[in-house]
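Colleague:
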Amino acid sequence: MQEHDAQWGGRMANSGSVSAKCVVALMVANLLQGCASSGGFRASGGEPTPGLNTSLPPTVSEKFDAASAKIILDVTKSSGASSGVSLPSRASYATLTISYDATAKSYTVKDEATSRTFAPGDIAASNSRFDIYQVNDGNSVEELRLFKSGSQNSQIALTYVTYGIWSTYQPGQSTTHYLTRFAVAGIQTGAAGLPKTGQATYSGSVDGVAAFDGQSYRLAGSNGTLTADFEKGVIRTSLNLRGTTDVASDAIGAVDLGTLKGTGAIGVDTSRYTGTITGLQMDGSFGGAFYGPNAAETGFAFSLTDNGANTAAGVFVGH
Numbered sequence: 024m025q026e027h028d029a030q031w032g033g034r035m036a037n038s039g040s041v042s043a044k045c046v047v048a049l050m051v052a053n054l055l056q057g058c059a060s061s062g063g064f065r066a067s068g069g070e071p072t073p074g075l076n077t078s079l080p081p082t083v084s085e086k087f088d089a090a091s092a093k094i095i096l097d098v099t100k101s102s103g104a105s106s107g108v109s110l111p112s113r114a115s116y117a118t119l120t121i122s123y124d125a126t127a128k129s130y131t132v133k134d135e136a137t138s139r140t141f142a143p144g145d146i147a148a149s150n151s152r153f154d155i156y157q158v159n160d161g162n163s164v165e166e167l168r169l170f171k172s173g174s175q176n177s178q179i180a181l182t183y184v185t186y187g188i189w190s191t192y193q194p195g196q197s198t199t200h201y202l203t204r205f206a207v208a209g210i211q212t213g214a215a216g217l218p219k220t221g222q223a224t225y226s227g228s229v230d231g232v233a234a235f236d237g238q239s240y241r242l243a244g245s246n247g248t249l250t251a252d253f254e255k256g257v258i259r260t261s262l263n264l265r266g267t268t269d270v271a272s273d274a275i276g277a278v279d280l281g282t283l284k285g286t287g288a289i290g291v292d293t294s295r296y297t298g299t300i301t302g303l304q305m306d307g308s309f310g311g312a313f314y315g316p317n318a319a320e321t322g323f324a325f326s327l328t329d330n331g332a333n334t335a336a337g338v339f340v341g342h
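Going by the numbering used here, the first residue of the sequence shown is number 24, and it counts up by one from there.
#1: Leaving out five residues before and five after residue 125 in sequence, what residues of the same chain have Cβ atoms less than 8 angstroms from its Cβ?
#2: Bridge partners of residue 185, per DSSP?
#3: Is residue 265 closer than 8 angstroms to residue 239 when the C-beta atoms are compared?
#4: Can you name the start and end residues of the beta strand (DSSP E) that residue 306 belongs to?
#5: In terms of DSSP beta bridges, what is residue 297 paired with?
#6: Beta-carbon within less than 7 angstroms of residue 145's beta-carbon, same chain only, minus the 5 sequence neighbours each way: which residues are those?
#7: Using 8 angstroms as the cut-off, can you tell me whether the segment 246 to 256 makes contact with the segment 288 to 303, which would need three or more C-beta pairs spanning the two stretches below that distance?
#8: DSSP three-state call for residue 330: helix, strand or coil?
#9: Can you tell me which of the three DSSP states residue 97 falls into?
#10: When the Cα atoms are used, what is the spatial distance from residue 294 to residue 169?
#11: Are the segment 193 to 206 and the segment 89 to 107 touching by the rule of at least three beta carbon pairs closer than 8 angstroms?
#12: Please report how far the alpha carbon of residue 311 lies from the alpha carbon of residue 297, in whole angstroms.
#13: Identify every residue that forms a DSSP beta bridge with residue 196.
#14: Terminal residues of the continuous beta strand (DSSP E) containing residue 159?
#15: Under the rule that 16 or more other beta-carbon atoms within 10 Å means buried, what is residue 150, buried or exposed?
#16: Take residue 163 as the anchor and find which of 173, 190, 183 has the nearest alpha-carbon.
#17: Name the DSSP bridge partner or partners of residue 231?
#18: How many Å lie between residue 91 and residue 187 at the Cα?
#19: Thinking residue 350 and residue 324 are a contact (beta carbons under 8 angstroms), I'd like their distance in whole angstroms, please.
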């Protein structure tokens, strides 16, 4: 997080700047009401209840409300071609939760339609960025990719916010049908802990899935920034999308897809924000929150579409 002449409510007036490093849906206030046909963001008010954990990964049992977005698409195995693309509902806050059970060391993800528990025995793979859980019931595969916290992550070291990718997919002979949900969650900053003056810029990582001109892309390794003007309550974000045509791969994208731009507002008496996002002939919404003491980190989910075959959904996390 880069500080620009910020007083940070008197807490960091003499602390200097904190360097930012580049690293997905929606913890927000009662502000913007998105449009369902454009993958809009549905806001939810209220200040979060103080949690039991003070950093991530969690060490005690706790349920985290998540900012989330989802996308449905069919992907041709041989080429990555996309079809049947849709945003089944508006991105929303608290319609998806992530619960950690400290005794079982398991994670339960739940949305408005279903739930799934992933235990340590379900870990199918692990790399420098993700722990990957899989449960195969014979007809479909449930998968949770959980972005690692702390210095163990080779991409970005985050302490208070993370994201997960929860996919349900049905492999066919030539195509795979995906329902993929992106969720941002963590140790949210309380309203009293949010800076009251100054600006800060957060750099970080973008992840998601997109379909452009009949081709599907995984957005892992894309990057972006978010700038917050705490005194004016204004949010600005820019996301640089890069993709790989293997949506199941965690590889850093090599195809330059273009840029998304968003503007929004911080809610009153909350650390959440919402906004609108546009780019690549699409429009939609984003929403998220600040995490950790003094808004050390941030994260949001986004979804947008041209109401046709071009659609994207994902997350941004950064510090």
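Virtual Cβ for every residue (Gly too), placed ideally from N, Cα, C. All values reported here derive from a predicted model rather than from experimental measurement.
Modeller: Looking at the coordinates:
#1: Around residue 125: 81, 82, 83, 84.
#2: 208
#3: No, these two residues do not count as a Cβ contact at 8 angstroms.
#4: 305 to 314
#5: According to DSSP, which records beta bridges pairwise, residue 297 is partnered with 288, 310.
#6: 156, 157, 158
#7: yes
#8: coil
#9: strand
#10: 24 angstroms
#11: yes
#12: Straight-line Cα distance between these residues: approximately 7 angstroms.
#13: Beta-bridge pairing links residue 196 to no other residue.
#14: 153 to 159
#15: exposed
#16: The residue with the shortest Cα to Cα distance from residue 163 is 190.
#17: 337
#18: 9 angstroms
#19: This structure cannot settle anything about residue 350, because the visible part of the chain is limited to 24 through 342.
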